[in-house]
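Each remark here refers to the structure printed beneath this line.
Number of protein chains: 2
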Amino acid sequence: MAIQRELPIPAVGDGSGLDGDAKLYPEELQLAFRNKAIPLEGLRYDVTPSGMHYTLVHYDVPHVELAAWRLHVGGRVRRPLVLGLDELQRRPTRTLRVTLECAGDGRALLHPRPISQPWLTGAVGTAEWTGTPLRSLLGEAGLDDGVVEILFTGLDRGVEGGVEQDYQRSLPLAVALDDDTLLAWAMNGAPLEPQHGYPLRLVVPGWYGMAHVKWLRAVEAIALPFGGYQQALAYRYSESREGPGEPVTLMRVRSLMIPPGIPDFLTRTRIVHCAPVDLRGRAWSGRARITRVEVSVDGGASWADAAVGEPPSPHAWQPWRHVWQATSPGWHDLLCRATDAAGDVQPAEQWWTARGMGNNAAHRVRVIVV
Amino acid sequence: MAIQRELPIPAVGDGSGLDGDAKLYPEELQLAFRNKAIPLEGLRYDVTPSGMHYTLVHYDVPHVELAAWRLHVGGRVRRPLVLGLDELQRRPTRTLRVTLECAGDGRALLHPRPISQPWLTGAVGTAEWTGTPLRSLLGEAGLDDGVVEILFTGLDRGVEGGVEQDYQRSLPLAVALDDDTLLAWAMNGAPLEPQHGYPLRLVVPGWYGMAHVKWLRAVEAIALPFGGYQQALAYRYSESREGPGEPVTLMRVRSLMIPPGIPDFLTRTRIVHCAPVDLRGRAWSGRARITRVEVSVDGGASWADAAVGEPPSPHAWQPWRHVWQATSPGWHDLLCRATDAAGDVQPAEQWWTARGMGNNAAHRVRVIVV
């Protein structure tokens with residue numbers, strides 16, 4: 011039954027680890043409700059349950075009647091194709107376990123906060139995606155000389171930056187031809203749910219989520235780099251909203267921790283009972299495998315190596331764990347940071363960009379030991 | 011390809027239909043990310059895809075190892091039971107289509123806004139729940155004379171209102187013995203995902219979501235009304251946080267509209283092209299069937315009857331539709347309101363309670379016709 015305790019739960023506005031004065035616009039709340047993060051305790055699953063996997067939907071989830079749906083493969087190809095899902099499913103099939111993160115994950119932790127989808131942490135998930143390699147389909151269509159990119163168009167349509175548009179992104183030809191770039195129709199062994207791109211989405215292992223175009227309707231070979239909104243403006247590392255900056259591509263090295271203990275409902279303050287605590291989490295990078303995860307239990311003053319598990323797939327996150335002797339009552343700031351084989355390590359503080367992309371600062375979890 | 015238009019998209023803070031100065035605390039954002047609403051275009055499905063169904067999780071999603079999990083049926087019974095899931099699944103099985111809404115849905119639309127999970131709209135969903143009637147299990151255990159309520163305890167544990175607690179709620183005996191009150195292990199034909207209560211949850215058709223205890227570990231027959239936090243304090247209609255008020259029980263009559271047109275990404279402003287528009291939505295009540303849905307396209311000055319579909323189940327929402335001749339460019343406020351067979355109708359404005367429960371004000375969607 012209920013146990014009454016004296017707990018120093020901070021008041022709302024004081025204790026979240028965000029600025030108390032960094033209040034949010036109602037429009038940001040609307041976006042937070044549409045776009046779903048994994049609850050961090052969901053990091054305990056090697057494969058994220060489909061309904062827990064993060065989703066970002068720019069416009070509305072489109073409704074697709076499968077009987078009428080076709081994938082059009084065209085542009086600068088010799089043999090344009092128009093294919094139903096059953097025809098795609100008769101082609102070579104692969105299943106890949108892939109970790110997928112939104113490029114804007116952590117945006118609401120930046121100062122000042124770029125106004126857009128206000129991700130805290132957890133715009134990430136790992137799923138088993140089943141589909142056919144794009145490469146073989148492009149081979150069948152026959153690319154013309156001079157093709158430099160493949161352009162992908164979804165059925166989702168809306169307005170962004172004042173421009174009415176279908177969601178569109180391109181990939182460099184070499185990435186589109188990678189054996190692991192898939193046109194996927196199943197997630198964790200079941201047909202895609204509508205919010206994950208039914209009936210067909212692109213999966214580009216290693217890349218941030220914006221590349222994995224959902225509700226695919228067209229694949230086009232193009233001879234000039236695509237200059238549409240999502241490519242040339244939205245997903246850029248830049249100091250201003252108008253600045254071109256560098257394109258967002260592969261996921262940066264990152265780790266997250268399952269918050270230990272139990273939460274206060276309203277403030278999400280974590281209460282940990284005095285005892286050894288098995289800290290666990292996940293680490294990933296779209297650029298190289300994870301070679302090291304470090305944990306700090308003193309706010310970053312000192313770090314210890316966590317045990318890091320083998321990658322279950324070249325494209326999936328790796329588990330880590332570390333036992334913390336939580337024997338000292340009071341507040342503690344726990345952090346984790348990962349290093350990948352390319353030598354990249356998570357920074358203590360994220361460098362700011364106008365659109366809040368690629369945040370991979372060390373993950374900080376504040377707890378009180380009682 | 012992209013079409014450039016001149017669109018009067020309002021600036022952030024101006025156009026959401028919420029107060030521009032009603033900025034949100036970071037703690038509310040944290041809750042918004044944990045607790046998931048249906049995107050309103052998801053109302054088009056008779057049965058909500060599982061990953062789109064709303065979820066409210068007070069503490070953390072607990073992890074359950076099925077081999078170790080047992081349901082304990084005890085308290086004032088003659089034959090206490092301890093059952094594994096396989097034993098439950100050998101009992102009589104029913105599947106019911108049930109619409110489930112969070113009692114706090116719409117809380118963030120109130121003025122002043124009660125600080126808690128800041129639901130806008132869409133904390134609702136409809137699923138096919140499969141399980142065994144609680145009634146037969148209670149019959150097997152044999153209730154003592156004098157039992158007045160059945161108490162349900164979940165595996166989710168946290169702090170709320172300063173009290174460390176397992177999530178617990180009770181039902182009046184007559185409700186617990188209703189043929190349609192289920193112990194459910196499947197949702198839409200698949201085992202429950204962790205966030206929906208794996209391996210077993212309570213389903214109480216007609217009641218708001220707080221009654222449908224997830225991650226069940228214990229069912230107890232009790233001889234006095236349960237006075238725990240979630241029963242006596244949290245889910246009450248009251249003018250103050252301390253006031254006892256009336257208990258929250260059955261879902262009030264409500265309807266929602268699929269927002270027509272296409273959205274602006276950031277502000278969710280709806281852009282509708284001049285044409286007849288097929289307005290659609292859902293209506294439900296936990297108290298009686300829906301007898302009428304009305305639509306206003308002029309901000310509530312006048313109302314027209316929508317066509318209302320038959321209920322596919324006594325416990326599921328009903329579809330409605332209405333054609334709007336959207337031929338007049340400019341801003342329009344669309345509303346819908348439902349009436350149930352008990353004669354209850356959605357109010358224009360919600361009466362305020364301290365905890366923001368049972369909001370069923372008419373649903374308002376602002377659009378611009380271009």
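Respectively, the protein sequence lines represent chains A and B.
Here the first sequence is numbered in our numbering, starting from 11 and rising by one per residue.
Here the second sequence is numbered in our numbering, starting from 11 and rising by one per residue.
The beta-carbon is built from N, C-alpha and C at its ideal position, and this holds for glycine as well.
On a predicted model such as this, the values are computed, not experimentally measured, just so you know.
The region 191-208 of chain A touching the region 260-274 of chain A, judged by at least three CB pairs closer than 8 Å = Result no; under three Cβ-Cβ pairs closer than 8 Å.
Per DSSP, cross-strand counterpart(s) of I300 of chain A = Here residue 300 of chain A refers to the residue found at position 290 of the first sequence. Paired residues: A:D350.
Would you say the region 178-190 of chain A touches the region 202-209 of chain A, given that touching needs at least three Cβ pairs under 8 Å?
-> no
Can you list the residues of chain A that T277 of chain B reaches, using a CB-CB cut of under 7 Å?
-> On the second sequence, position 267 is the one that residue 277 of chain B refers to. Chain A residues near T277 of chain B: E37.
At a Cβ cut of 9 Å, what residues of the region 50-64 of chain B count as close to chain A, listed as they run along the chain?
-> L50, E51, G52, R54, Y55, P59, S60, G61, M62 and H63
Note down, in chain order, each residue of its chain lying with its Cβ closer than 7 Å to the Cβ of D315 of chain A, except the 5 sequence neighbours on either side.
-> As a position in the first sequence, residue 315 of chain A is number 305, starting the count at 1. The residues are R302 and E304.
Beta-carbon separation (whole angstroms), V258 of chain A vs G152 of chain A, contact threshold 8 Å = Translated into positions along the first sequence, residue 258 of chain A becomes position 248. Translated into positions along the first sequence, residue 152 of chain A becomes position 142. Going by Cβ atoms, the distance from V258 of chain A to G152 of chain A rounds to 31 Å, so no, they are not a contact pair.
Backbone secondary structure at L144 of chain B - three-state DSSP | Numbered from its first residue, the second sequence carries residue 144 of chain B at position 134. Reduced to three states, the DSSP call for L144 of chain B is helix.
What residue range is occupied by the uninterrupted alpha helix (DSSP H) comprising R44 of chain B?
-> To locate residue 44 of chain B, count along the second sequence from 1; it is residue 34. Counting along the chain, the alpha helix (DSSP H) containing R44 of chain B begins and ends at P36 to R44.
Going by CA-CA distance only, name the one from A:G309, A:G353, A:M261 and A:V333 that's closest to A325 of chain A.
-> Your numbering for residue 325 of chain A matches position 315 in the first sequence. The amino acid occupying residue 325 of chain A in the given sequence is His; Ala does not appear at that position. Residue A:M261 is the option with its Cα nearest to H325 of chain A.
Which of the three DSSP states, helix, strand or coil, is assigned to M220 of chain A?
-> In the first sequence, counting from the first residue as 1, residue 220 of chain A sits at position 210. Three-state DSSP puts M220 of chain A in a helix.
Segment contact flag, the region 232-249 of chain B with the region 360-379 of chain B, C-beta cutoff 8 Å, min 3 pairs = yes
Residues that P90 of chain A bridges to, as DSSP identifies them = Position 80 of the first sequence, counted from the start, is the residue given in the question as residue 90 of chain A. Beta-bridge pairing links P90 of chain A to no other residue.
Which runs of the beta strand (DSSP E) fall wholly inside the region 237-283 of chain B and span at least 3 residues, in chain order?
-> 264-267 and 280-282
Classification of N370 of chain A by the beta-carbon crowding that lies within 10 angstroms, buried from 16 upward = Along the first sequence, one-based indexing puts residue 370 of chain A at 360. With 16 or more other Cβ atoms within 10 Å, it is buried.
Can you tell me the Cα-Cα spacing of D166 of chain B and P72 of chain B, whole angstroms?
-> Locating residue 166 of chain B in the second sequence gives position 156, counting from the first residue. Locating residue 72 of chain B in the second sequence gives position 62, counting from the first residue. Using only the alpha carbons, I get a separation of about 6 Å.
Is the Cβ of Y218 of chain A closer than 9 Å to any Cβ of chain B?
-> In the first sequence, the residue the question calls residue 218 of chain A occupies position 208. Cβ-Cβ to chain B under 9 Å: no for Y218 of chain A.
Kindly indicate if chain B contains any beta-carbon less than 9 Å away from that of D343 of chain A.
-> By one-based count along the first sequence, residue 343 of chain A stands at place 333. No, D343 of chain A does not count as interfacial toward chain B.
Beta-ladder partner(s) of P201 of chain A, from DSSP | Within the first sequence, the letter at position 191 stands for residue 201 of chain A. In DSSP, P201 of chain A forms a bridge with A:A196.
For R299 of chain B, which residues from the same chain have a beta carbon less than 6 Å from its beta carbon, with the 5 sequence-adjacent residues on both sides left out?
-> Sequence index remark: in the second sequence, residue 299 of chain B carries index 289 (1-based). If we look at R299 of chain B and ignore the five residues flanking it on each side, its Cβ neighbours are P321 and A351.
What separation, rounded to the nearest whole angstrom, lies between the Cα atoms of L91 of chain A and Y64 of chain A?
-> For the purposes of this step, residue 91 of chain A is identified with residue 81 of the first sequence, where counting begins at 1. For the purposes of this step, residue 64 of chain A is identified with residue 54 of the first sequence, where counting begins at 1. Going from the Cα of L91 of chain A to the Cα of Y64 of chain A covers about 32 Å.
Any beta-carbon of chain A closer than 9 Å to the one on A186 of chain B?
-> As a first step, residue 186 of chain B must be located in the second sequence, where it is residue number 176. Closer than 9 Å: no.
Whose CA, out of B:S306, B:L147 and B:Q360, lies closest to the CA of L345 of chain B?
-> The residue labelled residue 345 of chain B in the question sits at position 335 within the second sequence. Selected option, being the one with the closest Cα: B:S306.
Can you list the residues of chain B that H82 of chain A reaches, using a CB-CB cut of under 9 Å?
-> The sequence position of residue 82 of chain A within the first sequence is 72, counting from 1. Here the premise fails: no neighbours, minimum Cβ distance about 14 Å.
Determine the closest residue to I232 of chain B out of B:G132, B:A21, B:S180 and B:W217, with distance taken between C-alpha atoms.
-> Your numbering for residue 232 of chain B matches position 222 in the second sequence. Nearest C-alpha to I232 of chain B: B:S180.
Below 7 Å between beta carbons is the criterion; list the residues of the region 157-168 of chain B that meet it against any residue of chain D, in chain order.
-> Protein chains in the displayed structure are A and B, and chain D is not among them.
State yes or no: is the C-beta of G135 of chain B within less than 9 Å of the C-beta of G238 of chain B?
-> By one-based count along the second sequence, residue 135 of chain B stands at place 125. By one-based count along the second sequence, residue 238 of chain B stands at place 228. No; because the gap between Cβ atoms is not below 9 Å, this pair is not in contact.
Say whether chain B places a C-beta atom closer than 9 Å to the C-beta of R347 of chain A.
-> Stepping through the first sequence from its first residue, residue 347 of chain A is reached at position 337. Not closer than 9 Å to any Cβ of chain B, the Cβ of R347 of chain A fails to qualify, so no.
Where the region 256-283 of chain A meets chain B: residues whose CB sits under 7 Å from a CB there | I272, P273, D274, F275, L276, T277, R278 and I281
Provide the residue span of the beta strand (DSSP E) that contains D288 of chain B, from first to last.
-> For the purposes of this step, residue 288 of chain B is taken as residue 278 along the second sequence, with counting starting at 1. From DSSP, the beta strand (DSSP E) with D288 of chain B extends over A285 to W294.
Beta carbon of L130 of chain B, beta carbon of A21 of chain B: below 9 Å?
-> Taking the second sequence and counting its residues from 1, the one referred to as residue 130 of chain B is at position 120. Taking the second sequence and counting its residues from 1, the one referred to as residue 21 of chain B is at position 11. Contact: no.
What are the residues of the region 303-331 of chain A that lie near chain B, defined by any Cβ-Cβ distance shorter than 9 Å?
-> Listed by position along the chain: nothing, the set is empty.
What do you reckon, are the CB atoms on Q356 of chain A and L119 of chain A nearer than 9 Å?
-> Position 346 of the first sequence, counted from the start, is the residue given in the question as residue 356 of chain A. Position 109 of the first sequence, counted from the start, is the residue given in the question as residue 119 of chain A. In this structure, L119 of chain A does not lie closer than 9 Å to Q356 of chain A by Cβ.
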